[in-house]
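Encoded as structure tokens, the structure appears first; notes follow it.
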Amino acid sequence: MPELPEVETVRLSLEPLIVGTRISELKALHASVLIDWTNENFPGLTAEGLQITAIRRRGKYLLFDLENDLMLVAHLRMTGQFKYQQPPQALVKHDHVAFRLVSADAVESIQLIFHDTRRFGRIWLLHRSQQDRIAGLKTLGPEPHDPLLTGAILHKRLQRRAQSNLKAVLLDQTVIAGLGNIYVDESLFLSQINPTRIAGSLTLAECDRLLNNIREILTRAVHAHGTSIKDYVDALNVRGTFQYQLQVYGRGNQACNVCGQALIKTQLAGRTTVYCPHCQPLKPLQSKSR
DNA sequence: AGACACCTGTAT
DNA sequence: ATACAGGTGTCT
355 MPELPEVETV
365 RLSLEPLIVG
375 TRISELKALH
385 ASVLIDWTNE
395 NFPGLTAEGL
405 QITAIRRRGK
415 YLLFDLENDL
425 MLVAHLRMTG
435 QFKYQQPPQA
445 LVKHDHVAFR
455 LVSADAVESI
465 QLIFHDTRRF
475 GRIWLLHRSQ
485 QDRIAGLKTL
495 GPEPHDPLLT
505 GAILHKRLQR
515 RAQSNLKAVL
525 LDQTVIAGLG
535 NIYVDESLFL
545 SQINPTRIAG
555 SLTLAECDRL
565 LNNIREILTR
575 AVHAHGTSIK
585 DYVDALNVRG
595 TFQYQLQVYG
605 RGNQACNVCG
615 QALIKTQLAG
625 RTTVYCPHCQ
635 PLKPLQSKSR
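Residue numbers (my numbering): 355 to 644.
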């Protein structure tokens, strides 16, 4: 479920609650969800007893920095969720990893649960030096808001997969980090670019516009605390509200909010894709200029 | 590039 | 019973 805005919202909700706390217990309730690499190269190192010094985000990954150069890296995939529970509560179905945290003054006992119905999500415990072993993290493309990323650079990155569907290329995390099915469709709609085009066909001007609109959509979505269609909530069980601003995602066959024409629903790159055939024409309407 | 796999829940 | 879901890794 979660894309960049949802992961960022989880990060923002956790940051004031857990940074500075100490992990007193880390327990895997389902073995496959917690991947512990510390013993392979750093026998004896454990997360237990260590303080959480920061929580960062890279693409759709959450990075918890611990003392002693250890890290916890988490990916929520489709239905993963962190639950901050203070006081601690009884475990429920699909709770897979349980943290007990102790506040900096050692007074409060906090429970942090990784809960995931579909169990696609993962948490890695590793030393900083082992980060590159997470292939998806190592090969991650630029952050959409990286000031070094420009329309020209996006254009160049699209050229590397020039013959592929634009939709597929924007979903590729090695091209640009953090976009998923919702925000690709919304960004393309705002940019008036047809998702069925091949990536190599975008002009430099279109890449400038697209990057600006990706940033605009992601910024708005973070301000709205993400999109909650079904499962997604932040670490305090709060739903986002960006679903009320969606223009195309989930609106197949409905009327376009801009022109009133029926939105097209199709499959691209194996994913349901919705766009407006009038507002996102294959041939730009205004391309009379030269 | 595309199919399939990983899982479970929900809607039709 | 079948299709589909906010993601990604692997194998044709």
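Yeah, the Cβ is synthetic: ideal placement off N, Cα and C, and Gly gets one too.
- Rounded to the nearest angstrom, the Cβ distance from TYR603 to VAL628 is 6 Å, consistent with a contact under 8 Å.
- Shown here for GLN443: not one same chain residue has a beta carbon closer than 6 Å to its own, the five before and five after excluded.
- Within the DSSP bridge table, the entry for ALA531 names no partner.
- Distance from the CA of ARG574 to the CA of PRO498, rounded to the nearest whole angstrom, comes to 14 Å.
- With a beta-carbon spacing of about 12 Å, LEU520 and LEU533 fall beyond the 8 Å limit used to define contacts.
- Contact annotation: VAL538 and LEU512 have beta-carbon atoms that are not nearer than 9 Å.
- Counting along the chain, GLN465 sits inside the beta strand (DSSP E) bounded by residues 463–470.
- In the three-state DSSP reduction, GLU402 falls in the coil class, being neither helix nor strand.
- ILE377 has LEU455 as its beta-bridge partners, per DSSP.
- Inclusion of CYS561 and ALA506 in the CB contact set at 9 Å is warranted, their separation being smaller than that value.
- Taking 9 Å as the cut-off, the beta carbon of LEU617 is found closer than this to the beta carbon of CYS610.
- Secondary structure note for ARG625: its beta strand (DSSP E) is the uninterrupted segment 625–629.
- Between LEU358 and LEU572, the C-beta gap is smaller than 9 Å, which places the two residues in contact.
- The straight-line gap separating the alpha-carbon atoms of PHE543 and THR626 is approximately 15 Å.
- Taking the C-beta atoms as reference points, PHE453 is found nearer than 9 Å to LYS381.
- For LEU466, the closest of GLY614, LEU368, THR550 and PRO635 by C-alpha to C-alpha distance is LEU368.
- Straight across, the Cα-Cα distance linking ASP423 with ILE547 is about 44 Å.
- Excluding residues up to 5 positions away in sequence, PRO498 and SER541 lie with their Cβ nearer than 6 Å to the Cβ of ILE568 in the same chain.
- The straight-line gap separating the alpha-carbon atoms of ASP449 and GLN484 is approximately 26 Å.
- Taking the C-beta atoms as reference points, THR392 is found no nearer than 9 Å to LEU508.
- With a cutoff of 9 Å on beta-carbon distance, ARG476 and LEU388 are scored as near each other.
- Residue pairing of ASN519 in beta bridges, as defined by DSSP: ILE552.
- LEU503 carries a coil assignment under DSSP once its states are collapsed to helix, strand and coil.
- The straight-line gap separating the alpha-carbon atoms of ARG376 and ASP459 is approximately 10 Å.
- One thing to note: ILE464 has its Cβ no nearer than 9 Å to the Cβ of ILE409.
- Listed as beta-bridge partners of VAL427 by DSSP are LEU417 and TRP478.
- Going by DSSP, GLY490 is part of the alpha helix (DSSP H) stretching over 489–492.
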